[in-house]
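Participant:
Residue numbers (our numbering): 258 to 655.
(1) Considering Cα atoms alone, identify which of 392, 372, 347 is closest to residue 363.
(2) According to DSSP, simplified to helix, strand and coil, what is residue 563?
(3) If you reduce the DSSP assignment to three classes, tell me which class residue 484 lands in.
(4) Where does residue 398 sit, in a helix, a strand or coil, going by DSSP?
(5) From residue 683 to residue 411, what distance separates their C-alpha atoms?
(6) How long is the line joining the alpha carbons of residue 329 and residue 589, rounded to whole angstroms?
(7) Which residues mark the beginning and the end of the beta strand (DSSP E) in which residue 550 is found?
(8) Taking C-alpha atoms, which residue in 505, 389, 375 lies nearest to residue 349?
(9) If you reduce the DSSP assignment to three classes, tell me which class residue 338 lands in.
(10) So for residue 303, helix, strand or coil by DSSP?
(11) Would residue 613 be called buried (16 or more neighbouring beta carbons within 10 Å of its own) or exposed?
(12) Taking the alpha helix (DSSP H) that residue 441 belongs to, which residues open and close that run?
(13) Where does residue 634 land, buried or exposed, given buried means 16+ other C-beta within 10 angstroms?
(14) My parser needs the beta strand (DSSP E) runs of 3 or more residues fully inside the stretch 485 to 545; what are they?
(15) So if DSSP puts residue 417 in a beta bridge, which residue, or which two residues, is it bridged to?
(16) From which residue to which residue does the beta strand (DSSP E) around residue 457 run?
(17) Take residue 522 as the anchor and find which of 295, 281, 302 has the nearest alpha-carbon.
(18) In this structure, how does DSSP classify residue 601 when only helix, strand and coil are distinguished?
(19) Tell me the rounded alpha-carbon separation between residue 336 and residue 279.
(20) What residue range does the beta strand (DSSP E) around residue 347 cover?
(21) Given a threshold of 16 other Cβ atoms within 10 Å of its Cβ, counted over all protein chains shown, does residue 509 qualify as buried or as exposed?
(22) If residue 571 and residue 384 are in contact, beta carbons under 8 Å, what's the gap, nearest whole angstrom?
(23) Can you name the start and end residues of the alpha helix (DSSP H) that residue 433 belongs to?
(24) Which term fits residue 525, buried or exposed, when burial requires 16 or more other beta carbons within 10 angstroms of its beta carbon?
(25) Report the residue from 340, 598, 495 whose alpha carbon sits nearest the alpha carbon of residue 582.
(26) How would you write the range of the alpha helix (DSSP H) that residue 586 sits in, first residue to last?
(27) Do residue 502 and residue 356 have their CB atoms nearer than 7 Å?
(28) Under three-state DSSP, which class holds residue 374?
(29) With distances taken from CA atoms, which of 369, 617, 456 is nearest residue 320?
(30) Which two residues bound the contiguous alpha helix (DSSP H) that contains residue 477?
(31) How about residue 565 and residue 366: are their beta carbons less than 7 Å apart?
(32) Can you give the beta carbon distance from residue 577 to residue 602, rounded, assuming they're within the 8 Å contact cut?
(33) Whole angstroms is fine: what's the gap from residue 314's alpha carbon to residue 567's?
(34) State the beta-bridge partners of residue 573 as determined by DSSP.
(35) So for residue 616, helix, strand or coil by DSSP?
(36) Would DSSP call residue 451 helix, strand or coil?
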């Protein structure tokens, strides 16, 4: 192994080689600044301060709610987030796996309940969830799948009138900004997506298009039809997924909703603040504030309008139960006074299923000009349409 521990100082030189080497090091050191993103300023909030609305969780949903509510100038909003600003790895496509065991992931683990996940060691799985602004939209693989109309229709049929298909599609289009030139040329796809929303919808740049086309052709040969866009096709067929990425950078609800309004006077932001309890009146059962732990202190904040929970699929029901809302028998077993007996709180968790498939081939490894020079080009994304680690495509098959 080469070591510089005992190396003597380099001799002065005027040669072109050492100068080029030094310039290269300087370039890559300066390029680190290009990876930086805006950070959200933390507000100076006093204990026992009152707000019109308190939002627990600045993740995928909370970021959107904070932006919408703070548009009303007469309202004061407090956004409480257990994490902080996303790291560089969050903004770079392909590096999401490096955050799996980091402070930016809640790192929850499911409990072995007997019938589920028995093929996995200990019968439990890791539940990856973002612990930062943008939540899991700052941590996921950026595949943009709207969801199936049949699921939204079931919610509407169950009595949730705000979840009609027309309303759902309108809200999706309000959030979207389709920027893929290829998809925009298709009249059906162009009409389906929004064009002026804060979240960019695009396609990953790829140097492996031939490999992707081979997989799509194989799917077609076994009867799975190719579709130009999976969302438009109702998730039926095979195709290349759209992504929340722009110019080689992740698009999250943090970058799309929070960063542009970070200096709004009526939006106060608390980082690394963990909500411990919702304050609820005993008689009317109305929420009037929250208790938050920050820097080892318990702080109390009051709300004159609403306390909004957007802490995610795991932490939201947990916070409800810690506050006395949930299955009475379970709360009693934890010595938590039950204010509202709600048996379904903390039940019926569902997540989407992903089955990765590795395809091996014995054909020649043909490389395009981009692939031949990828190791060099990937280091300079600003001068090429190739972006770091965006070398593969995903095919969606229901």
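Just so it is clear, CB atoms sit at the ideal spot from N, CA and C, and this is done for glycine as well.
Facilitator: On the basis of the data shown:
(1) Checking every option, the nearest Cα to that of residue 363 belongs to 392.
(2) In the structure shown, residue 563 sits in a strand (DSSP, three-state: E or B).
(3) Annotated three-state conformation of residue 484 is coil, per DSSP.
(4) When DSSP states are grouped into helix, strand and coil, residue 398 belongs to the coil group.
(5) Residue 683 lies beyond the range of the chain shown here (258 to 655); nothing can be said about it.
(6) When rounded, the separation of the alpha-carbon atoms in residue 329 and residue 589 is 41 Å.
(7) Secondary structure note for residue 550: its beta strand (DSSP E) is the uninterrupted segment 544 to 551.
(8) Here the closest residue by C-alpha is 505.
(9) Note: residue 338 maps to coil in three-state DSSP.
(10) For residue 303, the three-state secondary structure derived from DSSP is coil.
(11) So residue 613 ends up on the exposed side.
(12) It spans 438 to 441 - the alpha helix (DSSP H) in which residue 441 sits, taken as one unbroken run.
(13) Residue placement at residue 634 is poorly supported in this model, since its pLDDT is 48, which falls under 50; the coordinates are not used for a value here.
(14) Listed in chain order, they are 524 to 527, 531 to 537.
(15) According to DSSP, residue 417 bridges with nothing at all.
(16) Secondary structure note for residue 457: its beta strand (DSSP E) is the uninterrupted segment 456 to 458.
(17) Ranking 295, 281, 302 by Cα distance to residue 522 puts 302 first.
(18) In this structure, residue 601 counts as coil in the three-state DSSP scheme.
(19) If you take the alpha carbons of residue 336 and residue 279, they lie about 45 Å apart.
(20) No beta strand (DSSP E) holds residue 347; the alpha helix (DSSP H) holding it covers 345 to 348.
(21) With 16 or more Cβ atoms within 10 Å of its Cβ, residue 509 is classed as buried.
(22) The pair is a contact, with the Cβ atoms about 7 Å apart (cut-off 8 Å).
(23) In the DSSP assignment, residue 433 falls outside any alpha helix (DSSP H) and lies within the beta strand (DSSP E) extending over 433 to 435.
(24) Of the other Cβ atoms in all chains shown, 16 or more fall within 10 Å of the Cβ of residue 525; this residue is therefore buried.
(25) Nearest neighbour of residue 582 by Cα position, chosen from 340, 598, 495, turns out to be 598.
(26) Per DSSP, residue 586 belongs to the alpha helix (DSSP H) from 585 to 590.
(27) Annotated as distal: residue 502 and residue 356, with beta-carbon spacing of 7 Å or more.
(28) The answer is coil: DSSP assigns residue 374 none of H, G, I, E or B.
(29) Of the candidates 369, 617, 456, the one whose C-alpha sits nearest the C-alpha of residue 320 is 456.
(30) Element bounds for residue 477: 466 to 478.
(31) Cβ distance not < 7 Å, so residue 565 and residue 366 don't count as in contact.
(32) Indeed they touch by this definition, with Cβ atoms about 5 Å apart.
(33) In this structure, the CA atom of residue 314 is about 5 Å from the CA atom of residue 567.
(34) Answer by DSSP bridge pairing: none, since residue 573 is not bridged.
(35) Collapsing the DSSP output to three states places residue 616 in coil.
(36) Residue 451: coil per DSSP, three-state reduction.
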